[in-house]
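Everything on this sheet refers to the single structure shown next.
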Amino acid sequence: MKKTILLAMALAISASLLAQIQTSISQSQKYQEQDKVKEYKRSADFGFGVGTDYGGIVGIKATFTPLKYLGFFGAAGYYKIDFGWSLGLNFYFIPKTNKNNIRPYAKVMYGTNRAIIIDGADEYDKVYAGLSPGIGCEFRFGATTSHGLNIALNFPISSSDFKNDYDAVKNDPAIQIEQDILPIAFSIGYHFEI
53 MKKTILLAMA
63 LAISASLLAQ
73 IQTSISQSQK
83 YQEQDKVKEY
93 KRSADFGFGV
103 GTDYGGIVGI
113 KATFTPLKYL
123 GFFGAAGYYK
133 IDFGWSLGLN
143 FYFIPKTNKN
153 NIRPYAKVMY
163 GTNRAIIIDG
173 ADEYDKVYAG
183 LSPGIGCEFR
193 FGATTSHGLN
203 IALNFPISSS
213 DFKNDYDAVK
223 NDPAIQIEQD
233 ILPIAFSIGY
243 HFEI
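The opening residue of the sequence shown carries number 53 in this note's numbering; numbering runs sequentially from there.
Have a look at this one:
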């Protein structure tokens with residue numbers, strides 16, 4: 053009789069513990085399912101910023117993303133002396149979706165990537181187009197990760213026209229060059245996604 057009572061108590065305690073564990077597991081699964089956010093691809097974004105990605109010293113940029121890993125972009129901007137532009141492709145290493153708030157990418161673009169601006173010698177002032185490969189990263193904020201910073205490092209390839217004109221400027225004794233050309237160009241902008 054004593055053994056039967058002990059066995060019944062052990063079974064009752066085991067059943068109670070098992071019910072609590074199952075309840076705990078089902079509640080945990082319920083919360084995990086609620087925390088899951090549906091992932092969807094970002095199809096486009098637009099922004100404003102400074103640098104060659106934005107077509108000049110300052111400008112605007114729009115990107116169309118038909119695939120999670122590929123984006124086409126166009127930009128229009130202004131240099132101190134003329135209009136600037138660029139067209140290109142972004143190749144995302146991490147899919148461009150609402151779940152990824154940091155998205156590094158490689159890119160290639162063609163458009164205005166060099167300018168000669170000389171105070172007092174307007175005959176040399178000119179904007180040049182060329183190819184510019186680069187790397188960058190999108191940083192998105194907020195609950196929906198739909199806005200944030202784009203930062204890029206570009207490697208402008210100078211056109212032959214630019215090289216010839218720059219040599220002419222260097223050889224002009226009336227002109228003192230204050231800043232030599234840099235092999236890299238930075239861009240930064242603020243974007244909003246659709």
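Here a beta-carbon is modelled for each residue, glycine too, at the ideal position from N, C-alpha and C.
Beta-carbon proximity list for residue i, same chain, < 7 angstroms, skipping 5 on both sides
i	result
Thr249	Any question about residue 249 goes unanswered here, given that the chain covers just 53 to 246.
Tyr140	For the sequence presented, residue 140 should be read as Gly rather than Tyr. The answer, listed in chain order, is Phe125, Lys159, Val160, Met161 and Tyr162.
Asn216	none
Ile236	Leu205, Asn206 and Phe207
Asp213	Tyr180
Gly186	Lys159, Ala204, Leu205, Asn206 and Phe207
Pick from the options that is closest to residue i, judged by C-alpha positions
i	options	result
Tyr242	Asp224, Gly103 and Glu91	Gly103
Cys189	Arg166, Ile246 and Asn142	Asn142
Tyr180	Gly111, Ile187, Ile168 and Gly123	Ile168
Gly172	Pro156, Glu245 and Ile133	Ile133
Leu122	Phe207, Ile236, Ala226 and Pro156	Pro156
Leu201	Ser184, Ser239 and Thr117	Ser239
Lys113	Gln228, Phe193 and Ile203	Ile203
Ser211	Arg192, Ser184, Phe100 and Ala237	Ser184
Asp105	Asn165, Ala226, Ile227 and Ala195	Asn165
Gly182	Ile209, Pro225 and Thr117	Ile209
Gly99	Gln228, Gly186, Phe191 and Ile170	Phe191
Start-to-end residues for the alpha helix (DSSP H) that takes in residue i
i	result
Lys159	First-last for Lys159: Ile154 to Ile168, but that is the beta strand (DSSP E), not the alpha helix (DSSP H).
Phe214	Ser212 to Asn223
Cutoff 8 angstroms; reference residue i; Cβ partners in own chain excluding five residues on either side
i	result
Lys120	Lys93, Tyr144, Pro147, Lys148 and Thr149
Phe193	Asn153, His199 and Gly200
Ile170	Tyr176, Asp177, Val221 and Ile227
Close Cβ partners of residue i (< 6 angstroms) along its chain, the five nearest in sequence each way excluded
i	result
Glu91	Thr149 and Lys151
Gly111	Ala127, Ala128 and Gly129
Gly108	Gly129, Tyr130, Tyr131 and Gly136
Ser138	Gly107, Ala127, Met161 and Gly163
Glu245	Arg94, Asp97 and Ser198
Thr115	Asp97, Gly123 and Phe125
Limits of the beta strand (DSSP E) - the one that residue i falls within
i	result
Asn150	From DSSP, Asn150 is part of no beta strand (DSSP E); its letter is neither H nor E.
Ser198	Segment: none, Ser198 is in no beta strand (DSSP E) and carries neither H nor E.
Phe193	Lys178 to Phe193
Ala226	From DSSP, Ala226 is part of no beta strand (DSSP E); its letter is neither H nor E.
Ala237	Ala237 to Glu245
Chain B within 7 angstroms of residue i, Cβ atoms only
i	result
Phe244	No chain B is part of this structure, which consists of one protein chain only.
### Task
For the region 165-177 and the region 218-229, state whether three or more C-beta atom pairs, one from each stretch, are separated by less than 8 angstroms.
Segments in contact, yes.
### Query
Is there contact here, the region 226-233 with the region 127-135, by at least three beta-carbon pairs under 8 angstroms?
Touching, no, given that fewer than three Cβ pairs across the two stretches are closer than 8 angstroms.
### Task
Jot down the residue ranges of each uninterrupted beta strand (DSSP E) in the region 93-150, minimum 3 residues, whole runs only, in chain order.
Listed in chain order, the complete beta strand (DSSP E) runs (minimum 3 residues) inside the region 93-150 are 96-103, 108-119, 122-130 and 135-144.
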